[in-house]
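K.L.:
Got a structure here, written out as structure tokens. Questions coming.
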Amino acid sequence: MGVTGPTGPVMDRDEVDRALARLGAEHEAIETSLLALQDHAGRRLLEGAELTGVTQERWTATEASITLLWTYFDAYTDALRSARDIRSRRRWSSREDLVELTELLNGDSVTVAGSATATANAPTLHGSPTKLSERYSLTTLVDRMNELYATSLDMVVAADAVWSALPARIDLLAAELQRTRRLAHSVGVRPGEHPAGDDLERITRILTKLREQVVSDPLAFWVAAEGSSAPGGGRPDTTVYDREARALDDVRREIDAVLTVRQDAEKRIVKLRDLLSRADRTLAEARTARGEVLAKIAATEVPVVSGPPTVLQEQLAAAAEYRRQAQWHRLSPLLESLEQKAEDELLRARESLTAVTAPLAVRAELRGRLDAYKAKVARHGLAEDSLLVERYEKARRMLWSAPCDLRAAEQAVLRYQHAAAELLGGPRVPGQGVPGQGVPGQGVPEDRRGPGA
């Protein structure tokens, strides 16, 4: 390559042939890519869609880029055809042919006529201003086409990815929403009457609006991958869809709970009636026991027993009415509240009965303790002891008379215990006992120790 021309060293025949082969391969690859872009489903959808927002702006630029791509490709094709024609004139190209081929293959030999229609919205190479015509070398033209192709394909692939992913998922969720709405209506969950019904209306509005936005402006729902230069690098933004899908799941769970109420309502209402009936019977028993305690026990305070709360019976009647009218959404929270209140009421009734009958329990414990000591001294042959007989009879009269003075009776039982302990030789019973104190289990000596107190 000793010969030089306007564009530098003149290429020899082998260099020309290699350049033509390389450019031919690039031409074939570019043509295949352009045809694939032309037939891309996303591009066809973009052509026929009513676009808005960022997608409309980018598609306007992309359409101009694709038009310009074909303009560049046609110019590239013409230049390559001219070079091949020159090379095919002779088997051994002359110097003039090689100079011309060098200029065509390496120089700025390709003129592209600018068009306001074709290039008004297309991105310019490296930010250069648009001109009525520009001259490029074949290598620069290939770089320019690669750049325009990458940006165009990125936009088309991104829009197609969103359209392929989101509308179908939204439609499936909308179908599930309709099934849930029908089921909700069957159990009385309606807008304005139940929060879940309001949620269904809100989800419906959001999904309808979301689908419209996705169809008209898919690129508004595209998240580009950071650091990725590959066309279409990124993913559809499903944030809104995912949020509404979770909200619909929550509504379905709420409706499932209402359905469970519908299936178990009768059993739960029967159980509630039983609980409240048991509470009423327990309170009635406590009132009767209070009268008995007041008649049999003296010098003690007996708590007053309140009547059953009528509000629970009213709520139970309302629950039965909701069940008859199939108002399951109202029955569900009412049953949950009633079940807890009924359990609390039964517990309160039992506590009242225990508190009222406590004096009778104390008297029964004192009677048992007195008889236990009498049996114990009888086993040791001390039943006829005059002091024990006297104290036993006194304590017995107190405990088996009405009204019984529990404090005096307890002291009488303690005095009998003291005397028995002295005679049996065991430790002395404390002077002030507590009702319910167990009987000492000391061993009994063979001899008696005096008459006691």
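First residue of the sequence shown? That's 530 in our numbering, and the numbers climb one at a time after it.
We put the CB at the ideal spot given by N, CA and C, even for glycine.
Looking only at its chain, what residues have a beta carbon closer than 7 Å to the beta carbon of residue 837, apart from the 5 residues adjacent to it on each side?
P.N.:
Excluding positions up to five away in sequence, the list reads 808, 809 and 812.
K.L.:
Output the distance between the C-alpha atoms of residue 857 and residue 867, rounded to the nearest integer angstrom.
P.N.:
Using only the alpha carbons, I get a separation of about 15 Å.
K.L.:
Does the pairing of the region 741 to 754 with the region 679 to 692 give three or more beta-carbon distances under 8 Å?
P.N.:
Verdict: yes, contact present.
K.L.:
With DSSP as the reference, label residue 642 as helix, strand or coil.
P.N.:
Residue 642 falls in the strand class under three-state DSSP.
K.L.:
For residue 752, which beta-bridge partners are listed by DSSP?
P.N.:
764, per the DSSP bridge assignment.
K.L.:
Is there a C-beta anywhere in chain B that falls below 8 Å from the one on residue 856?
P.N.:
Considering every chain present, this structure includes no chain B. It has just one protein chain.
K.L.:
Using a threshold of 8 Å, state whether the C-beta atoms of residue 782 and residue 709 are closer than that.
P.N.:
Contact flag unset, no.
K.L.:
Considering only the beta carbon of each residue, do residue 665 and residue 639 sit closer than 8 Å?
P.N.:
Their beta carbons are under 8 Å apart, which means residue 665 touches residue 639 by this criterion.
K.L.:
When the Cβ atoms of the region 586 to 603 are set against those of the region 678 to 686, are three or more pairs found closer than 8 Å?
P.N.:
Yes, the region 586 to 603 touches the region 678 to 686.
K.L.:
Starting from the N-terminal side, write out each stretch of the alpha helix (DSSP H) that is 4 residues or longer and does not extend beyond the region 655 to 743.
P.N.:
Listed in chain order, the complete alpha helix (DSSP H) runs (minimum 4 residues) inside the region 655 to 743 are 667 to 715.
K.L.:
On the three-state DSSP scale, how would you describe residue 827?
P.N.:
In this structure, residue 827 counts as strand in the three-state DSSP scheme.
K.L.:
For the pair the region 599 to 614 and the region 553 to 567, tell me if three or more CB-CB distances fall below 8 Å.
P.N.:
Output reads yes: the region 553 to 567 touches the region 599 to 614.
K.L.:
By the DSSP assignment, the alpha helix (DSSP H) with residue 908 in it spans what residues?
P.N.:
It spans 887 to 908 - the alpha helix (DSSP H) in which residue 908 sits, taken as one unbroken run.
K.L.:
Quick one: what does DSSP say residue 541 is sitting in, helix, strand or coil?
P.N.:
Three-state DSSP puts residue 541 in coil, outside helix and strand.
K.L.:
Using the Cβ count rule (16 or more neighbours within 10 Å means buried), how would you classify residue 910?
P.N.:
Exposed, by the Cβ-count rule.
K.L.:
So, with DSSP's three-state summary, where would you put residue 803?
P.N.:
Helix at residue 803.
K.L.:
If you count every other CB in all the chains shown that lies within 10 Å of the CB of residue 905, and 16 or more means buried, which is it?
P.N.:
Result: buried.
K.L.:
Find the nearest neighbour of residue 732 within the set 580, 771 and 764, judged by alpha-carbon distance.
P.N.:
The option with the nearest alpha carbon to residue 732 is 771.
K.L.:
Rounded to whole angstroms, how far is the Cβ of residue 931 from the Cβ of residue 824, which I believe are closer than 8 Å?
P.N.:
That pair is a contact at about 6 Å.
K.L.:
Per DSSP, residue 637 is paired with what?
P.N.:
Its beta-bridge partners do not exist; DSSP assigns none.
K.L.:
DSSP three-state call for residue 746: helix, strand or coil?
P.N.:
Of the three classes helix, strand and coil, the one that applies to residue 746 here is coil, per DSSP.
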